[in-house]
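K.L.:
Numbering (this note's numbering), first residue to last: 1 to 494.
Think of the CB as a built atom: it goes at the ideal place given N, C-alpha and C, for glycine as much as any other residue.
This structure is in structure tokens; I'll ask about it shortly.
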RNA sequence: GGCGCGGUACCCAAGUGGCUAAGGGAGAGGUCUGCAAAACCUUUAUGCGUCGGUUCGAUUCCGACCCGCGCCUCCA
């Protein structure tokens, strides 16, 4: 059994085997740091994170590299508008992106930045020109000659053969030999950021950074290259053209693309008012774990409809898993193991795993876990769960969470950071009461809460229910839920 | 216009040429419970966009149509 993964290049689901036994070398196209990351960006990065974690859980050592695009037209434009240097401008958004990724429990890959590889890129362009794949235009820009690369279009399944003669040529593209030729290197326009290099002054085109940095980090041919579906063309098609022209070898074995999401049933766009950054959602009071759970629960190749209702549902689902985990953790169970539960743990893990192996079918994998939760809860209710069973079920839950990463309950700290950020950015008006209430619950110390609960328990023991209910209500108002179980009192922050 | 993906219950969302069409949420009823929370049980698609076709049999394959979405010059 092994992971079967859809490969955009072949258009088929294939068995994934890395080139070197236990090592996977993968590259993901990272963010262009010109603004805060939105929920669509994070769908892709969560999908890649799930892939990365699953590969690691499968026993591979994963070399995972991600680029930061820190120079492009939009950055140059926005930076100038803000009166900042490109570097000052991008530093802010790169930091924000990495914080947001951490908020969503996305493990950080090895980072490489475009602006830190300018000489290598210039060299790459020079070499491509030497080999006849690139040419210099009159203004000092360099273009890739796609006519020289017969495989052009193989990733995006486009046939460019018939388009060469008689193809329309845009008036402003008079510099290019063919309208489809793409920029490797851009000559500077007045006031734009540029670098002095042996091929002249200028800045890299968009695609070149990924070819140069990925091959530098991972070799001329590597296992996996990921990104959003929009990158298939032209970005990844162009990367293939540049890289394979340079080395004469296959560039990437598996191409992995995450599908775009919809927000409230529509394409996300600023004009529709359904454009949300991660921070927007947290300020509205949604927990990072709910967001991650929702993003991860629809398989990456399917369109995901991201809705606020769905976010609420995800929160409850995560809560259900956490409740079960806590029940297993704190419950008192008799020694030993039961055959049914041992089998349940084994079967669940198997189902979970085969769901994941089936092109990362996270919905299927999740269903196995929820089945286990129901059966496990029922066994506890019936008094049939033994101590070793609890450990076995907890272990399965742990395996699930090493990939989904939603059970760890330390979110208030993350949310607080975002709250503080909102204050520093003068965005207090966007802070919801839900978030404030969650934060309030955090203000109470564990000791303070336990003190209150002790008072409540005393009142209950002396059957002074009026008093105990008052304390319960008070705690509830502060976002603390107290549960009285036959194994004792348990409480949690909501 | 070209290429591609999808339309499954109130919502989100898997899946299959024929056994009861996963799972989660929501609603209803019940069990437990001083209350609350959690949990469990029952219940909610004779039906899988529409219409044809192939087949002993289709939600699953094929065709047409309707709707949604993506790519086709830098949006994840």
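1) Would you report the Cα separation of residue 393 and residue 383, rounded to the nearest angstrom?
2) Helix, strand or coil, according to DSSP, for residue 207 in the structure here?
3) Identify every residue that forms a DSSP beta bridge with residue 346.
4) Measure the Cβ-Cβ separation of residue 291 and residue 304 and say whether it is below 7 Å.
5) Under three-state DSSP, which class holds residue 407?
6) Could you compute how far the alpha carbon of residue 146 sits from the alpha carbon of residue 350?
7) With DSSP collapsed to three states, give me the class of residue 180.
8) Less than 7 Å between the beta carbons of residue 182 and residue 133, yes or no?
9) Roughly how many angstroms lie between the CA atoms of residue 418 and residue 283, to the nearest whole one?
10) Any chance the segment 252–267 sits against the segment 38–58, with 3 or more Cβ pairs inside 8 Å?
11) So, is residue 466 buried or exposed, given that buried needs 16 or more other C-beta atoms within 10 angstroms?
12) Could you have a look at residue 139 and say whether DSSP puts it in helix, strand or coil?
13) Per DSSP, residue 233 is paired with what?
14) Going by alpha carbons, who is nearest to residue 89 out of 97, 371, 78, 98?
15) Just the Cα atoms here: how many angstroms apart are residue 289 and residue 405?
16) By the three-class DSSP mapping on this structure, what secondary structure does residue 310 have?
17) Going by CA-CA distance only, name the one from 37, 314, 123 that's closest to residue 242.
18) Compute the Euclidean distance between the alpha carbons of residue 365 and residue 318, then round it to the nearest angstrom.
19) Less than 6 Å between the CB of residue 432 and some heavy atom of the ligand SAH, yes or no?
20) Note the first and the last residue of the continuous alpha helix (DSSP H) segment covering residue 470.
21) What span of residues does the beta strand (DSSP E) with residue 26 cover, start to end?
22) Between residue 434 and the rest of its own chain, which residues show a CB-CB distance below 6 Å, the 5 nearest in sequence each way excluded?
23) Please report the straight-line C-alpha distance between residue 92 and residue 36, rounded to a whole angstrom.
24) Within the same chain, show all residues whose beta-carbon is closer than 8 Å to that of residue 416, passing over the 5 residues directly before and after it, in chain order.
25) Is it right to say residue 436 is buried, meaning 16 or more other beta carbons lie within 10 angstroms of its own, or is it exposed?
26) Helix, strand or coil, according to DSSP, for residue 78 in the structure here?
27) What whole-angstrom Cβ distance do residue 16 and residue 25 have, given they're in contact under 8 Å?
28) What separation, rounded to the nearest whole angstrom, lies between the Cα atoms of residue 363 and residue 355?
29) Just verifying my parser: in three-state terms, what is the DSSP assignment at residue 446?
30) Taking DSSP as the reference, what is the three-state secondary structure of residue 240?
31) Taking buried to mean at least 16 other C-beta atoms within 10 Å of its own C-beta, is residue 81 buried or exposed?
32) In three-state terms, what does DSSP make of residue 284?
33) Specify whether the segment 146–155 and the segment 223–243 touch according to this definition: at least 3 beta carbon pairs, one from each stretch, less than 8 Å apart.
34) Would you call the segment 269–279 in contact with the segment 192–208, where contact means no fewer than 3 C-beta pairs closer than 8 Å?
35) Are there 16 or more other CB atoms within 10 angstroms of the CB of residue 352, so buried, or fewer, so exposed?
36) If I measure Cβ to Cβ from residue 199 and keep anything under 6 Å in the same chain, skipping five residues before and after, which residues do I get?
P.N.:
So, from the listed chains and residues:
1) Within the first chain, residue 393 is the residue found at index 393, counting from 1. Within the first chain, residue 383 is the residue found at index 383, counting from 1. Going from the Cα of residue 393 to the Cα of residue 383 covers about 15 Å.
2) In the first chain, counting from the first residue as 1, residue 207 sits at position 207. Coil.
3) For the purposes of this step, residue 346 is identified with residue 346 of the first chain, where counting begins at 1. DSSP lists no partner for residue 346.
4) Position 291 of the first chain, counting from 1, holds the residue named residue 291. Position 304 of the first chain, counting from 1, holds the residue named residue 304. No; because the gap between Cβ atoms is not below 7 Å, this pair is not in contact.
5) Taking the first residue of the first chain as position 1, residue 407 is located at position 407. DSSP places residue 407 in coil when its eight states are reduced to three.
6) The residue labelled residue 146 in the question sits at position 146 within the first chain. The residue labelled residue 350 in the question sits at position 350 within the first chain. So the two alpha carbons sit approximately 47 Å from each other.
7) Residue 180 sits at position 180 when you count from the first residue of the first chain. Looking at residue 180 - three-state DSSP - the assignment turns out to be coil, as it is neither helix nor strand.
8) Counted from its first residue, the first chain places residue 182 at position 182. Counted from its first residue, the first chain places residue 133 at position 133. Not a contact, by the Cβ cut-off of 7 Å.
9) The sequence position of residue 418 within the first chain is 418, counting from 1. The sequence position of residue 283 within the first chain is 283, counting from 1. For residue 418 and residue 283, the gap between their C-alpha atoms comes out near 7 Å.
10) By the Cβ test, the segment 252–267 is in contact with the segment 38–58, since at least three Cβ pairs between them sit closer than 8 Å.
11) For this step, residue 466 is matched to residue 466 along the first chain. Residue 466 counts as exposed, since fewer than 16 other beta carbons sit within 10 angstroms of its beta carbon.
12) Position 139 of the first chain holds residue 139. The three-state reading of DSSP puts residue 139 in coil, since its state is none of H, G, I, E or B.
13) Within the first chain, the letter at position 233 stands for residue 233. Looking at the DSSP assignment, residue 233 forms no beta bridge with any residue, so it has no partner.
14) Here residue 89 corresponds to residue number 89 of the first chain, with the count starting at 1. Nearest C-alpha to residue 89 among 97, 371, 78, 98: 78.
15) Here residue 289 refers to the residue found at position 289 of the first chain. Here residue 405 refers to the residue found at position 405 of the first chain. If you take the alpha carbons of residue 289 and residue 405, they lie about 8 Å apart.
16) Locating residue 310 in the first chain gives position 310, counting from the first residue. Helix, per DSSP.
17) Here the question's residue 242 lines up with position 242 in the first chain. Answer by Cα proximity: 123.
18) For the purposes of this step, residue 365 is identified with residue 365 of the first chain, where counting begins at 1. For the purposes of this step, residue 318 is identified with residue 318 of the first chain, where counting begins at 1. One C-alpha to the other measures close to 15 Å.
19) Ligands in the displayed structure: none, and consequently the ligand SAH is not present.
20) Position 470 of the first chain holds residue 470. From DSSP, the alpha helix (DSSP H) with residue 470 extends over 465–477.
21) Numbered from 1 along the first chain, position 26 holds the residue referred to as residue 26. Residues 23–28.
22) The residue you call residue 434 lines up with position 434 of the first chain. Correct list, in chain order: 285.
23) As a first step, residue 92 must be located in the first chain, where it is residue number 92. As a first step, residue 36 must be located in the first chain, where it is residue number 36. If you take the alpha carbons of residue 92 and residue 36, they lie about 9 Å apart.
24) Position 416 of the first chain, counted from the start, is the residue given in the question as residue 416. Only 439, 442 meet the Cβ criterion.
25) Locating residue 436 in the first chain gives position 436, where the first residue counts as 1. Result: exposed.
26) Numbered from 1 along the first chain, position 78 holds the residue referred to as residue 78. In the structure shown, residue 78 sits in a helix (DSSP, three-state: H, G or I).
27) For the purposes of this step, residue 16 is taken as residue 16 along the first chain, with counting starting at 1. For the purposes of this step, residue 25 is taken as residue 25 along the first chain, with counting starting at 1. The beta-carbon distance between residue 16 and residue 25, rounded to whole angstroms, is 13 Å. This is too long to meet the 8 Å contact definition.
28) In the first chain, residue 363 corresponds to position 363, counting from 1. In the first chain, residue 355 corresponds to position 355, counting from 1. Roughly 8 Å separates the two Cα atoms.
29) For this step, residue 446 is matched to residue 446 along the first chain. Shown here, residue 446 sits in a helix according to DSSP, grouped into three states.
30) Residue numbering aside, residue 240 sits at position 240 when the first chain is read from its first letter. Note: residue 240 maps to helix in three-state DSSP.
31) Counted from its first residue, the first chain places residue 81 at position 81. With fewer than 16 Cβ atoms within 10 Å of its Cβ, residue 81 is classed as exposed.
32) Position 284 of the first chain, counted from the start, is the residue given in the question as residue 284. The three-state reading of DSSP puts residue 284 in coil, since its state is none of H, G, I, E or B.
33) Between the segment 146–155 and the segment 223–243 there are three or more C-beta pairs closer than 8 Å, enough to call the two in contact.
34) Verdict: no, contact absent.
35) Position 352 of the first chain, counting from 1, holds the residue named residue 352. Per the 10 Å Cβ criterion, buried.
36) What you label residue 199 is simply residue 199 of the first chain in a count that begins at 1. Answer for residue 199: 122, 125, 126, listed in chain order.
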